[in-house]
Amino acid sequence: MKKFRKVLDGLTTSSPGGTIGSPSCGSAAGTPTATPTKEIDVQETLVSENFQLCKTVRHGFPYQPTALAFDPVQKILAVGSRTGGIRILGRPGVDCYCQHDSGAAVLHLQFLINEGALVTACADDTLHLWNLRQRRPAVLHSLKFNRERITFCHLPFQSKWLYVGTERGNTHIVNIESFILSGYVIMWNKAIELSTKTHPGPVVHLSDSPKDEGKLLIGFESGTIVQWDLRGKKADFRIYYDEAIHSVGWHHEGKQFMCSHSDGSLSMWNLRNTTRPFQVTFPHGKIQKDGKKESCKPILKVEYKTSRNSEPFVIFSGGLSYDKAGRRPTLTIMHGKAITVLEMDYPIVEFMALCETPYNNEVQEPYAVVVLLEKDLIVVDLTQSNFPVFENPYPMDIHESPVTCTAYFADCPPNIIPILYSIGAKHKKTGYSQKEWPVAGGLWTLGSHTYPEIIVTGHADGSIKFWDASAITLQMLYKLKTSKAFEKPKPAEGRAAELVEEDPFAIQMVSWCPQSRIFCVVGISAHIILYRFSKYDANTQIVSLEVRLQYEAEDVISPSENENNPCFSESGSQSPQTHHQHPASPGTPEGNKDSTPCIKVKDRMVRVPPGYQAELVIQLLWVDGEPPQQITSLDINSAYGLLAFGNCNGLAVVDYLQKTILLCMSTLDVYGAADPYQRLTRSPRRNRQSTSGLTELSDNQQSIDMERSKSPTSESRENSFSRSRSSSVSSIDRDTKEAITTLQFGESFGRKSDALPTPCLWVGTSLGVVLLIPMSIPTDNEERMEEPVTIGPSGMVLMLKGSVLHFSFLDCMGALIQSPHEVWRDLNAPEDPDRPRRRKLVHFSPSSSQDNYGEGHLAVVCSEKQAKVILMPSQSCLFVHNITESSFVLRADVVSVCNSVCLACFCANGHVMTLSLPSLRPLMDVNYLPMTDMRIARTFCFTNGGQALYLSSPTEIQRITYSQEMFDNLQEMLGELFTPIETPEAQNRGFLKGFFGGNSHNFDREELFGETSAGKGSRSLAQHIPGQAGMEGMKVAASGVVGDLARARIALDERGQRLGELEDRTALMMTSAETFSKHAHGLMLKCKDKKWYQF
282 MKKFRKVLDG LTTSSPGGTI GSPSCGSAAG TPTATPTKEI DVQETLVSEN
332 FQLCKTVRHG FPYQPTALAF DPVQKILAVG SRTGGIRILG RPGVDCYCQH
382 DSGAAVLHLQ FLINEGALVT ACADDTLHLW NLRQRRPAVL HSLKFNRERI
432 TFCHLPFQSK WLYVGTERGN THIVNIESFI LSGYVIMWNK AIELSTKTHP
482 GPVVHLSDSP KDEGKLLIGF ESGTIVQWDL RGKKADFRIY YDEAIHSVGW
532 HHEGKQFMCS HSDGSLSMWN LRNTTRPFQV TFPHGKIQKD GKKESCKPIL
582 KVEYKTSRNS EPFVIFSGGL SYDKAGRRPT LTIMHGKAIT VLEMDYPIVE
632 FMALCETPYN NEVQEPYAVV VLLEKDLIVV DLTQSNFPVF ENPYPMDIHE
682 SPVTCTAYFA DCPPNIIPIL YSIGAKHKKT GYSQKEWPVA GGLWTLGSHT
732 YPEIIVTGHA DGSIKFWDAS AITLQMLYKL KTSKAFEKPK PAEGRAAELV
782 EEDPFAIQMV SWCPQSRIFC VVGISAHIIL YRFSKYDANT QIVSLEVRLQ
832 YEAEDVISPS ENENNPCFSE SGSQSPQTHH QHPASPGTPE GNKDSTPCIK
882 VKDRMVRVPP GYQAELVIQL LWVDGEPPQQ ITSLDINSAY GLLAFGNCNG
932 LAVVDYLQKT ILLCMSTLDV YGAADPYQRL TRSPRRNRQS TSGLTELSDN
982 QQSIDMERSK SPTSESRENS FSRSRSSSVS SIDRDTKEAI TTLQFGESFG
1032 RKSDALPTPC LWVGTSLGVV LLIPMSIPTD NEERMEEPVT IGPSGMVLML
1082 KGSVLHFSFL DCMGALIQSP HEVWRDLNAP EDPDRPRRRK LVHFSPSSSQ
1132 DNYGEGHLAV VCSEKQAKVI LMPSQSCLFV HNITESSFVL RADVVSVCNS
1182 VCLACFCANG HVMTLSLPSL RPLMDVNYLP MTDMRIARTF CFTNGGQALY
1232 LSSPTEIQRI TYSQEMFDNL QEMLGELFTP IETPEAQNRG FLKGFFGGNS
1282 HNFDREELFG ETSAGKGSRS LAQHIPGQAG MEGMKVAASG VVGDLARARI
1332 ALDERGQRLG ELEDRTALMM TSAETFSKHA HGLMLKCKDK KWYQF
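With the sequence shown counted from 1, adding 281 to any position gets you this note's numbering.
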């Protein structure tokens, strides 16, 4: 608890916010001001102990997947990726992400079935054992191979010995419990005949015989197959086949197996005669006219699964003929004589049949096939003849079109989620399997710390998706296609063809008011669409407004004799103009391209379905054969009925109720008469780009080269922002003008002499200038629709270092002042004579009365370099904090945490920081994530409740928390990956079948592979690395009492779980002992009177 009292009495130019190279915070013109005595009494409650940074959950499709595994008893699925990540999926809500520290690609995954553990083999030739019996899995052991590369792994069911095949053709055996290499090795030269002169190649397959666990089938890439007798340490048989082998599948009886080959063939082998296959088929190879078969692509994997009531299933990927160019990747299902070919949208990475039993010597009864594609995960229902797919409950289609922007809204109105879901449900796809999703493992319950959350994603094809993100899950609510407001673009000619965008409807930013349900999007073609929500369909014509924001002269910064003041050039000789005529076709010749927008709005009546319906489109126009500059900032206020936007040319304000343009002027014109800066004119820039970015300049006169050298990411910033711009990120461009970087409507004091707050627009520019524009808005409903809104710029308020990123307002008690808004009303609803529709406005005042708000308020302003808190209306700077010197802030927001507010910042060097308000004390500074990709900068956003998100890969959203309270409750919110389930009993094989079917049950791996008989493995071959105990989240967790308590609680939970399992096992043992006792007593009674010779 810290208390701040500050008496402001006649503050002058020496206010604490005054910095060298900028005018005083006390006055825009740098002259002393006298303010009445005012006492600010703010009780700050946030302390460093309220903050803790950690990852919470990851949504979306695993990026660049490489491996797949399934636990048939626990019914959970694991997917490995090229970047070393593992996603473990169960029932909806059970979704866990783990990451290997090395970042090496995951090549193989193997569950310890029903044991709550997972083995991974990575591209750095390291095996890892993951403990899944905790909500955040951790590595228990690692084993690093030094001299051999891992190519295949196989773990028999209920065995603790893992077979590991290598590139050299050797097979090693690892004890899963101790993660130590056994001395038992099957060397490649022992496996093949000594007379063979060529190396058989890497091991591509390992499996134990269903008939006898003491027999190991080893498949080599060259086509050699060996069945190795583990007891006798010799080969039972060897097969030398002409074609390379990709995979092997057993029949459950262990008498025959099937191989897939590189020539697109399947070969069937019987153990009675291994000299040649008894059947070879080319499923997709037809016989040509000359009698030869078509050449086919390799069959990369085959699975041979038996069914009790029907023919076996043979499922494989690949094998199509080469001459069928352009065919999509396929999965083929052969069931008896029926062959079904399923075409996939993306290449197949891996597939796996899901079977009823975990035992490989029982009838398999496959019921589904999981198919892992490069960009999708699908599950096919095998129990129906048409093989429909299951509806995927996970959000695997975030990347359906590339994500270009994100927005995150916590504490939404509770009714908005069901309404969006009910509208979106009408457009869902049909034809899915009626059965439940088969990956149904784990346990997840709705925690107590949940509230409505919505994530909005904008995409390259112009679509918008609304997602329900409540309770750390993600579910699709509603999809909006913004391209439907426009005509289809015609092919451009001349220079227009060079500048045309591949994705003309791509979304750059969104602005949403959940209370009024008004939604606004900014597109890459310098267009803005305003949507209203309705539960009814309607016939409507979209109103189009066209704005001219282009200049003949450049507004650039220039060196000055007085280094304390930045210099600006003259404003353009031509003021921005507005146009209302219908645009000409964008496909017109270059000479007639002027005064036309980039894309054409539909100018006819259109039928729109329920949901978000386009009402207004605003477009910037081409000028002098040059495309319009992209829009860099946007704000909308439903209470005022106004929309403001800006770019590097200037600022425009639109009245969307009256469909008129109120203001359209250059940035320098907004300063008004009180402009204290020197000017330099400059000739027009010849080579303008339609995607020029914003300028990053400090308010002291340093060279561009110095600034560029300061930012290690400047090159990527310059190159990566040609397509997608965010108002919060700047790219260095020497010739760019002063751009509008952020806008905010709110009740404030337009002038120092104002006694009461009025509607205002706060404007921030790329040169760190803050401007204030007061407005006069009619309050009566009828007058508002007829009388004009008047706007008068009042000049500059203050300056900061770097581009201005964010505005927020606090009352004099330190509480956040929400922007006023309109209560939602459905304009398409049937008229009710008794209840006429009228606009209802909500104005917020967190203080005890509106009169207190009239005494003044605090404005929080954050730029790329610093943050300031100023007192309105005196415009006196109370607090200033230099956030970073060596880097720059990418995203800043004032958010609510623990019933208070703070300023949260994300910097380009990866630091996530929070500052107290209004004192700007540093509360947290964690070096979390360097900006390695512009995607992170474009999509990072904070929200209330101590949460944030960003796009961690092109297909995945990563959510994080910086709240200690949420960190403490995270264990409760996450799903359980492991649930105690009794392992199914093996089927009774019968006496004769068991007697003649081999002695597999007498096979003792411990006796064979243990240290006493086989000795220790070579230490130089593999190195054991103990794993870290604890959870991934603990890495970021700071020490302290709260952290220790959290760890202790987790440990107690795990201990309680283990005790529960021990109790279950003890009960089973007691039952078993009691049964044995009864049988023994009965046998004793039966035999006690018999003589010895009667036995």
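A virtual CB, placed ideally from N, CA and C, is assigned to each residue, including glycine.
- Query: In chain order, what residues of the same chain lie with their CB nearer than 6 Å to the CB of GLN1304, ignoring the 5 residues before and after it?
  - Reply: As a first step, residue 1304 is located in the sequence shown; it is residue number 1023 there, counting from the start. Short of 6 Å from the beta carbon of GLN1304, and not among the five residues preceding or following it, lie these beta carbons of its own chain, in chain order: LYS425.
- Query: Are the beta-carbon atoms belonging to LYS496 and ASP523 less than 8 Å from one another?
  - Reply: As a position in the sequence shown, residue 496 is number 215, starting the count at 1. As a position in the sequence shown, residue 523 is number 242, starting the count at 1. Result no, Cβ atoms of LYS496 and ASP523 do not sit closer than 8 Å.
- Residues near GLU643 by beta carbon distance below 8 Å, same chain, minus five either side: Against the sequence shown, residue 643 aligns to sequence position 362. Result list for GLU643: HIS533, ALA1267 and GLN1268, in chain order.
- Under the three-state DSSP convention, the category GLY1363 falls into: One-based indexing of the sequence shown puts residue 1363 at position 1082. Taken through DSSP and simplified to helix, strand or coil, GLY1363 comes out as helix.
- Task: List in chain order: all unbroken alpha helix (DSSP H) runs of 4+ residues lying wholly within the region 500-540.
- Result: Runs of the alpha helix (DSSP H) inside the region 500-540: none found.
- For the beta strand (DSSP E) containing VAL1141, list its first residue and its last residue. Here residue 1141 is taken as the residue at index 860 of the sequence shown, counted from 1. First-last of the beta strand (DSSP E) with VAL1141: 1138-1144.
- Query: Hey, THR687 and THR754: beta-carbon distance below 8 Å or not?
  - Reply: If you number the sequence shown from 1, residue 687 lands on position 406. If you number the sequence shown from 1, residue 754 lands on position 473. Taking 8 Å as the Cβ cut-off, THR687 and THR754 do not qualify as a contacting pair.
- Is the region 410-417 touching the region 463-471, taking contact as three or more C-beta pairs under 8 Å? Short answer: they don't touch.
- Query: By Cβ distance, which residues of its chain are closer than 6 Å to PRO647, with the 5 residues on each side in sequence left out?
  - Reply: Here residue 647 corresponds to residue number 366 of the sequence shown, with the count starting at 1. LYS586, PHE594, ALA634, CYS636 and LEU663, listed in sequence order.
- Task: Evaluate the contact criterion for the region 1181-1196 versus the region 1059-1078: three or more CB pairs, one atom per stretch, below 8 Å.
- Result: Touching, no, given that fewer than three Cβ pairs across the two stretches are closer than 8 Å.
- Message: Which residues does DSSP list as the beta-bridge partners of TYR1209?
- Response: By one-based count along the sequence shown, residue 1209 stands at place 928. None, per the DSSP bridge assignment.
- Task: Can you tell me which of the three DSSP states PHE1002 falls into?
- Result: Position 721 of the sequence shown, counted from the start, is the residue given in the question as residue 1002. Annotation note: pLDDT 35 at PHE1002 (below 50); position unreliable, no value reported.
- In DSSP terms, what GLU1237 is bridged to: Against the sequence shown, residue 1237 aligns to sequence position 956. The partner list for GLU1237 (beta bridge, DSSP) reads GLY341 and SER1234.
- Where does GLY705 sit, in a helix, a strand or coil, going by DSSP? Here residue 705 refers to the residue found at position 424 of the sequence shown. In the structure shown, GLY705 adopts helical secondary structure according to DSSP, grouped into three states.
- What's the gap between the Cα of CYS1368 and the Cα of MET1350? Residue numbering aside, residue 1368 sits at position 1087 when the sequence shown is read from its first letter. Residue numbering aside, residue 1350 sits at position 1069 when the sequence shown is read from its first letter. Within the model, the alpha-carbon separation for CYS1368 versus MET1350 is close to 27 Å.
- Task: Could you check what DSSP says for LYS765 in three-state terms: helix, strand or coil?
- Result: Translated into positions along the sequence shown, residue 765 becomes position 484. Here DSSP, grouped into helix, strand and coil, assigns LYS765 to helix.
- Message: Can you give me the C-alpha to C-alpha distance between GLU907 and PRO878, rounded to a whole angstrom?
- Response: By 1-based counting over the sequence shown, the position of residue 907 is 626. By 1-based counting over the sequence shown, the position of residue 878 is 597. In this model, GLU907 and PRO878 are separated by some 11 Å (Cα to Cα).
- Message: Within a Cβ cutoff of 8 Å, which residues of the same chain sit near GLY397, ignoring the five residues on either side of it in sequence?
- Response: Along the sequence shown, read from residue 1 onward, the residue named residue 397 stands at position 116. Annotation for GLY397: GLN355, ASN412, LEU413, ARG414, LEU1258 and PHE1259 place their beta carbon closer than 8 Å to its own, counting only its chain and skipping 5 residues before and after.
- For CYS693, which of helix, strand or coil comes out of DSSP? Working through the sequence shown from its first residue, we reach residue 693 at position 412. Residue state for CYS693 is assigned as coil, using DSSP reduced to three classes.
- Message: By the three-class DSSP mapping on this structure, what secondary structure does GLN1252 have?
- Response: Here residue 1252 is taken as the residue at index 971 of the sequence shown, counted from 1. Reduced to three states, the DSSP call for GLN1252 is helix.
- Which residue comes first and which comes last in the beta strand (DSSP E) that contains GLU907? Taking the first residue of the sequence shown as 1, we reach residue 907 at position 626. Per DSSP, GLU907 belongs to no beta strand (DSSP E) and is neither H nor E.
- May I ask you to report which of helix, strand or coil DSSP gives ILE1098? On the sequence shown, residue 1098 is found 817 positions in, with the first residue counted as 1. DSSP places ILE1098 in coil when its eight states are reduced to three.
- CB CYS1183 to CB LEU1204, shorter than 8 Å? As a first step, residue 1183 must be located in the sequence shown, where it is residue number 902. As a first step, residue 1204 must be located in the sequence shown, where it is residue number 923. It is a contact, given that the beta carbons lie within the stated cut-off.
- Task: Compare the Cα-Cα distances from SER1299 to each of LEU1364, GLY464 and GLY535 and report the closest residue.
- Result: Within the sequence shown, numbered from 1, the residue matching residue 1299 stands at position 1018. Nearest option by C-alpha distance: GLY464.
- Please look up how many angstroms separate the CB atoms of SER488 and HIS435, rounded, as I've assumed it's under 8 Å. Locating residue 488 in the sequence shown gives position 207, where the first residue counts as 1. Locating residue 435 in the sequence shown gives position 154, where the first residue counts as 1. The pair is a contact, with the Cβ atoms about 6 Å apart (cut-off 8 Å).
- Task: Could you check the C-alpha separation between LEU1380 and SER751 for me, to the nearest Å?
- Result: Any answer about residue 1380 is impossible in this case: the structure gives the chain only from 282 up to 1376.
- Message: Going by DSSP, what residue range makes up the beta strand (DSSP E) through LEU811?
- Response: Looking up residue 811 in the sequence shown gives position 530. Where LEU811 is concerned, the enclosing beta strand (DSSP E) stretches over 808-815.
- Query: Can you list, in chain order, the residues of its chain whose CB lies under 6 Å from that of TYR732, leaving out five sequence neighbours each side?
  - Reply: Residue numbering aside, residue 732 sits at position 451 when the sequence shown is read from its first letter. Answer for TYR732: ASP692, listed in chain order.
- LEU552 versus PHE563, LEU949 and TRP509, residue with shortest Cα-Cα distance: Translated into the one-based positions of the sequence shown, residue 552 becomes position 271. Nearest of PHE563, LEU949 and TRP509 to LEU552, Cα basis: TRP509.
- Query: Is the region 898-913 close to the region 1080-1091, with three or more CB pairs under 8 Å?
  - Reply: Note that the region 898-913 does not touch the region 1080-1091; fewer than 3 beta-carbon pairs, one per stretch, sit closer than 8 Å.
- Presumed contact (8 Å Cβ cut-off) between ARG372 and GLY722, rounded CB distance: As a working note, residue 372 is residue 91 in the sequence shown. As a working note, residue 722 is residue 441 in the sequence shown. With a beta-carbon spacing of about 7 Å, ARG372 and GLY722 fall inside the 8 Å limit used to define contacts.
- Message: Once the 5 residues before and after GLN862 are set aside, which same chain residues still bring their CB inside 7 Å of it?
- Response: Taking the first residue of the sequence shown as 1, we reach residue 862 at position 581. Any answer about GLN862 is weak, because its pLDDT of 39 lies below 50 and its placement is not dependable; what the coordinates show is given next. Closer than 7 Å at the Cβ level, and outside the excluded window around GLN862, lies no residue.
- Report the residue ranges of all beta strand (DSSP E) runs contained in full by the region 645-697; include only those spanning at least 3 residues, in chain order. Segments of the beta strand (DSSP E) lying fully in the region 645-697: 647-654, 658-662 and 684-691.
- Message: Using a Cβ-Cβ distance cut-off of 8 Å, determine whether GLU502 contacts chain D.
- Response: The chain inventory of the structure shown lacks chain D, comprising one protein chain alone.
- From LYS1146, ILE697, PRO1040 and THR1352, residue whose alpha carbon lies closest to that of LEU1086: Along the sequence shown, read from residue 1 onward, the residue named residue 1086 stands at position 805. Closest option to LEU1086, Cα to Cα, is LYS1146.
- Message: Quick check on the DSSP output: what are the complete alpha helix (DSSP H) runs of length 4 or more inside the region 1043-1078, in order along the chain?
- Response: Counting only runs of 4+ residues, the alpha helix (DSSP H) found wholly inside the region 1043-1078 occupies 1062-1067, in chain order.
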